[in-house]
Structure formats: C-alpha cells, structure tokens
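Written out below as structure tokens is the structure these notes cover.
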Amino acid sequence: MAAIYSLYIINKSGGLIFYKDYGSAGRMDTNDSLRVASLWHSMHAISQQLSPTVGCSGIELLEADTFDLHCFQSLTGTKFFVVCEPGTQHMEGLLTVIYELYTDYVLKNPFYEMEMPIRCELFDINLTQAIQKDRVALLGR
Amino acid sequence: MAPGVPRSGDAMFASVEHVNVEIFTLTYGAIVRQLLADLEEVEEVNKQLEQMGYNIGIRLVDEFLAKCNVLRCVDFRETAEVIAKVGFKMFLGLSASVTNWDAEGTCCSMVLEDNPLVDSVELPDTCQGLYYCNILSGVIRGALEMVSMKTEVTWARDMLRGDDAFELQVKLLKQVPEENPYKDDE
Chain W
1 MAAIYSLYII NKSGGLIFYK DYGSAGRMDT NDSLRVASLW HSMHAISQQL SPTVGCSGIE
61 LLEADTFDLH CFQSLTGTKF FVVCEPGTQH MEGLLTVIYE LYTDYVLKNP FYEMEMPIRC
121 ELFDINLTQA IQKDRVALLG R
Chain Y
1 MAPGVPRSGD AMFASVEHVN VEIFTLTYGA IVRQLLADLE EVEEVNKQLE QMGYNIGIRL
61 VDEFLAKCNV LRCVDFRETA EVIAKVGFKM FLGLSASVTN WDAEGTCCSM VLEDNPLVDS
121 VELPDTCQGL YYCNILSGVI RGALEMVSMK TEVTWARDML RGDDAFELQV KLLKQVPEEN
181 PYKDDE
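Chains as they are written, first to last, in the working numbering: chain W, 1 to 141; chain Y, 1 to 186.
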C-alpha cells in the first residue's frame with residue numbers, strides 16, 4: 001500500500017528540480033510533471049495574495065477526493081510537496097526530513113549547481129530509505 | 001524535535017560531527033596562501049575570499065534553516081541576533097554579540113568572541129591590506145541574499161591588523177521580496 005503517490009521539489013523560480021513517483025499508476029511524462037510543478041508554483045504564489053490573513057506564506061495542504069497534497073516552502077523559496085492518499089498522517093514531518101536530506105546530500109555536493117535538476121545518488125538513496133521508514137511506520141499503526 | 005521550537009546554538013553545535021580544529025585552520029590557511037600565490041594582489045584575494053564565502057553562504061543557509069527550526073525573523077534586529085547567537089555557534093562554535101545599532105535598525109556590528117580561523121596566524125608586512133577572514137563576510141552576505149536580504153558585510157576591526165577584536169559590520173541594503181509569477185496589470 002503506497003500512501004505516498006509522488007514527491008516534487010521546485011526551485012524558487014518554479015522550475016521542477018526533482019520528481020519521484022511512488023504510486024502504481026506509473027511515472028508521469030516529463031512534460032506533464034514540469035507542467036504540474038509550475039502550475040503548483042503559480043497557485044502557491046496566488047494563494048499568498050488571495051489569502052484573507054496577513055502574512056500568509058501559501059498553501060500548506062490541499063485536500064481532494066482522491067488525494068491530499070502537502071506542501072512545505074523553505075524560507076529560501078524552495079518548495080517540497082508530496083501527493084499522497086487522502087488522510088495520510090505525518091506528511092509535514094516527512095517533508096521536514098526531506099528538506100534536511102536536501103541540505104545534506106544536494107546542497108553540500110559541490111558539483112551540484114544551484115536551482116538545477118537534482119542528480120545526486122546519495123540523495124536518492126537516503127530519500128528511498130526515509131520513505132521506506134515512513135511507510136513501515138505508517139503500516140505499523 | 002517539536003516543530004516551531006528553535007534549537008539553541010549550543011545544542012546544535014553539540015549535535016553535529018566535529019572536525020579537528022587544526023585541520024580546519026591549516027586548510028583555510030592553505031587556501032589563503034594559494035590565493036595569494038595565484039592572484040598576487042591583496043585586493044583580488046580579498047574579493048576572491050568574499051566570493052568563496054558567498055558560494056558557501058548560499059548553500060549553508062538551507063542547512064541552518066533545516067536543522068535549527070528557526071521561524072521567519074520579524075525584523076533585521078532579530079536576524080542579526082539569530083546569526084550571532086545561533087549561526088556562528090552552530091557552525092564555528094564561537095559566540096558573537098550584536099552591538100552598535102543605527103537609528104533605522106539596518107546596520108549593526110557583530111563582535112566575534114574568538115575566531116578559530118586565525119589560530120597561530122600572523123600577517124606579514126607584505127599582506128597588510130589582507131582581510132584574512134573575508135570568507136566570513138561572504139558567507140553572511142550569501143546566506144542573507146537567499147532569504148531576500150541584500151546586505152553589505154565589511155570588517156570594522158580585525159585583530160590580525162592590530163585591532164583588539166574581530167568586528168563585522170552588517171548593513172542591510174534592501175529587502176528583496178520574492179517575485180510573483182504574475183504581474184498585477186496583466
């Protein structure tokens with residue numbers, strides 16, 4: 001049972017720098033994933049302007065019939081969002097863990113160019129482990 | 001760790017892996033010596049050190065934000081305090097204090113209590129214009145730029161040049177808020 005369907009990381013200009021599919025529907029076409037990412041980036045920005053509350057930092061949770069979307073934006077503008085089964089718990093915690101993995105294995109790689117697509121093996125390995133751990137914890141409840 | 005509860009600099013410093021300070025000091029010294037040999041001009045070396053620091057700062061800031069759980073600072077005063085108390089402590093194990101605020105609250109001084117970069121370092125007469133620790137000013141400038149603040153960071157006092165302390169002057173030039181994908185008139 002895959003509680004998480006997919007994970008996206010967007011840079012501060014809205015470009016997709018990382019996309020991973022965990023669902024059984026198969027990997028989305030590259031163009032589609034780019035489109036989804038820039039769509040979300042725009043919606044996130046618009047939501048800040050539309051919000052009735054002052055100092056709103058954008059959408060954190062989108063609940064739909066067939067999925068939930070949890071989004072975390074760092075203070076540097078990088079967005080991490082995960083599409084998961086409705087009602088999945090503790091996604092905020094997972095996003096924080098993924099942010100830490102990003103700082104450890106992507107940013108500290110001197111050959112990684114900022115704002116560019118992430119191609120860091122260590123990041124992939126550690127990310128898979130984190131998602132697995134999360135999956136085990138979810139099933140255990 | 002509980003979300004939204006910032007961790008103290010001491011706790012952060014204690015929780016990360018430590019490296020031998022001699023290796024750190026020697027590595028930094030080797031970098032400065034090599035830059036002097038390659039570039040020859042002291043001003044060029046200052047600029048290059050600052051640029052290197054900038055490249056470090058733009059990556060370091062996310063690590064700081066991820067590990068320290070700090071919330072968005074309300075104003076520049078809070079930013080300066082966080083850098084001095086948590087940032088310097090976490091990465092260099094040193095404490096800094098913030099003083100000398102100007103009237104608008106956009107310019108302050110950070111006095112470093114000690115400085116691991118300069119252990120056993122003496123500047124020769126040929127390098128008197130060198131800001132040996134200029135990498136630190138770049139790091140702060142790079143880090144703040146990634147959180148939408150354009151700053152100018154310079155050395156007000158430098159112990160290697162005969163002053164009694166290491167003092168950085170951090171000046172906020174402007175806040176650059178994130179650009180929206182859509183302009184209002186479109």
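A virtual CB, placed ideally from N, CA and C, is assigned to each residue, including glycine. Note that the structure is predicted; figures quoted are calculated from it, not measured.
Continuous beta strand (DSSP E) stretch holding valine 170(Y): start and end: For this step, residue 170(Y) is matched to residue 170 along the second sequence. Where valine 170(Y) is concerned, the enclosing beta strand (DSSP E) stretches over 166–175.
For cysteine 56(W), is the classification buried or exposed, using 16 other Cβ atoms within 10 angstroms of its Cβ as the cut-off for buried? On the first sequence, position 56 is the one that residue 56(W) refers to. So cysteine 56(W) ends up on the exposed side.
Using the beta-carbon of each residue, which ones in chain Y are nearer than 8 Å to lysine 108(W)? For the purposes of this step, residue 108(W) is identified with residue 108 of the first sequence, where counting begins at 1. Result: Arg59, Glu63.
Helix or strand or just coil, what does DSSP make of valine 259(Y)? Residue 259(Y) lies beyond the residue range present for chain Y, which begins at 1 and ends at 186; the question has no answer from this structure.
Whole angstroms is fine: what's the gap from alanine 130(W)'s alpha carbon to glycine 142(Y)'s? If you number the first sequence from 1, residue 130(W) lands on position 130. If you number the second sequence from 1, residue 142(Y) lands on position 142. The alpha-carbon atoms of alanine 130(W) and glycine 142(Y) are separated by roughly 30 Å.
Do you know how far the Cα of valine 176(Y) is from the Cα of lysine 150(Y)? By one-based count along the second sequence, residue 150(Y) stands at place 150. By one-based count along the second sequence, residue 176(Y) stands at place 176. Distance between the alpha carbons of lysine 150(Y) and valine 176(Y): 7 Å.
Residue environment, glutamine 89(W), which counts as buried when at least 16 other CB atoms sit within 10 Å: Here residue 89(W) refers to the residue found at position 89 of the first sequence. Looking at its Cβ environment, which holds fewer than 16 other Cβ atoms inside 10 Å, glutamine 89(W) is exposed.
Which two residues bound the contiguous alpha helix (DSSP H) that contains glutamate 81(Y)? For this step, residue 81(Y) is matched to residue 81 along the second sequence. Element bounds for glutamate 81(Y): 76–82.
DSSP three-state label for leucine 107(W), please. The residue labelled residue 107(W) in the question sits at position 107 within the first sequence. Residue state, collapsed to three classes: helix.
Kindly indicate which three-state DSSP category glutamate 63(W) falls into: helix, strand or coil? Taking the first residue of the first sequence as 1, we reach residue 63(W) at position 63. Three-state DSSP puts glutamate 63(W) in a strand.
With 16 other CB atoms within 10 Å as the buried threshold, where does lysine 174(Y) fall? Counted from its first residue, the second sequence places residue 174(Y) at position 174. Under this definition lysine 174(Y) is an exposed residue.
Which residue spans inside the stretch 11–60 of chain Y form an unbroken alpha helix (DSSP H) run of at least 4? The stretch 11–60 of chain Y contains these whole alpha helix (DSSP H) runs: 21–39.
C-beta contact flag for asparagine 126(W) and leucine 101(W) at 8 Å: In the first sequence, the residue the question calls residue 126(W) occupies position 126. In the first sequence, the residue the question calls residue 101(W) occupies position 101. The answer is yes: Cβ separation under 8 Å.
Taking the beta carbon of phenylalanine 111(W) as the centre, do at least 16 other beta carbons fall within 10 Å, making it buried, or is it exposed? The sequence position of residue 111(W) within the first sequence is 111, counting from 1. Classification of phenylalanine 111(W): exposed, given that the 10 Å Cβ count is below 16.
Among Thr79(Y), Met52(Y), Leu130(Y), Ala80(Y), which one has its Cα closest to the Cα of glycine 138(Y)? Residue numbering aside, residue 138(Y) sits at position 138 when the second sequence is read from its first letter. Selected option, being the one with the closest Cα: Met52(Y).
Looking at the C-beta of valine 147(Y), does it have a partner C-beta in chain W at a distance below 8 Å? The count along the second sequence starts at 1 and reaches residue 147(Y) at position 147. Yes, its Cβ sits closer than 8 Å to a Cβ of chain W.
Using the three-state DSSP reduction, which class does leucine 65(Y) fall into: helix, strand or coil? Counting from one through the second sequence, the residue named residue 65(Y) turns up at place 65. Three-state result, leucine 65(Y): helix.
Let me know if glutamine 48(Y) comes out buried or exposed under the rule of 16 or more other beta-carbons within 10 Å of its beta-carbon. Taking the first residue of the second sequence as 1, we reach residue 48(Y) at position 48. Classification of glutamine 48(Y): buried, given that the 10 Å Cβ count is 16 or more.
Please classify leucine 117(Y): does DSSP put it in a helix, a strand, or coil? As a working note, residue 117(Y) is residue 117 in the second sequence. Three-state result, leucine 117(Y): helix.
Just checking: is the beta-carbon of threonine 103(W) within a distance shorter than 8 Å of some beta-carbon in chain Y? Within the first sequence, the letter at position 103 stands for residue 103(W). Yes - at least one Cβ of chain Y is within 8 Å of the one on threonine 103(W).
Local Cβ density within 10 Å of threonine 78(W), reported as buried at 16 or more and exposed below that: Against the first sequence, residue 78(W) aligns to sequence position 78. Answer is buried; the Cβ neighbour count reaches 16.
Collapsed DSSP secondary structure at glycine 129(Y) in the structure displayed: Counted from its first residue, the second sequence places residue 129(Y) at position 129. Coil.
Beta bridge counterpart(s) of valine 97(W) as assigned by DSSP: Locating residue 97(W) in the first sequence gives position 97, counting from the first residue. Bridge partners of valine 97(W): none, in fact.
Just to confirm before moving on: does the CB-CB distance between glycine 26(W) and serine 6(W) stay below 8 Å? For the purposes of this step, residue 26(W) is taken as the residue at position 26 of the first sequence. For the purposes of this step, residue 6(W) is taken as the residue at position 6 of the first sequence. No, Cβ-Cβ distance for glycine 26(W) and serine 6(W) is not below 8 Å.
List the residues of chain Y whose Cβ lies closer than 8 Å to the Cβ of serine 74(W), in chain order. Residue 74(W) sits at position 74 when you count from the first residue of the first sequence. Going along chain Y in sequence order, the residues near serine 74(W) (Cβ under 8 Å) are Asp62, Leu65, Ala66.
What are the residues of the stretch 68–82 of chain Y that lie near chain W, defined by any Cβ-Cβ distance shorter than 7 Å? Arg72
Any chance the stretch 99–107 of chain Y sits against the stretch 117–137 of chain Y, with 3 or more Cβ pairs inside 8 Å? no
Got a sec? Which residues, its chain only, sit under 8 Å from glutamate 115(W) by beta carbon, not counting five neighbours each side? Translated into positions along the first sequence, residue 115(W) becomes position 115. If we look at glutamate 115(W) and ignore the five residues flanking it on each side, its Cβ neighbours are Asn11, Lys12, Ser13, Gly15, Ile17.
On the three-pair Cβ rule with 8 Å, is the stretch 68–83 of chain Y touching the stretch 106–114 of chain Y? yes
Roughly how many whole angstroms lie between the Cα atoms of arginine 119(W) and serine 38(W)? Taking the first residue of the first sequence as 1, we reach residue 119(W) at position 119. Taking the first residue of the first sequence as 1, we reach residue 38(W) at position 38. Going by the C-alpha atoms only, they are around 20 Å apart.
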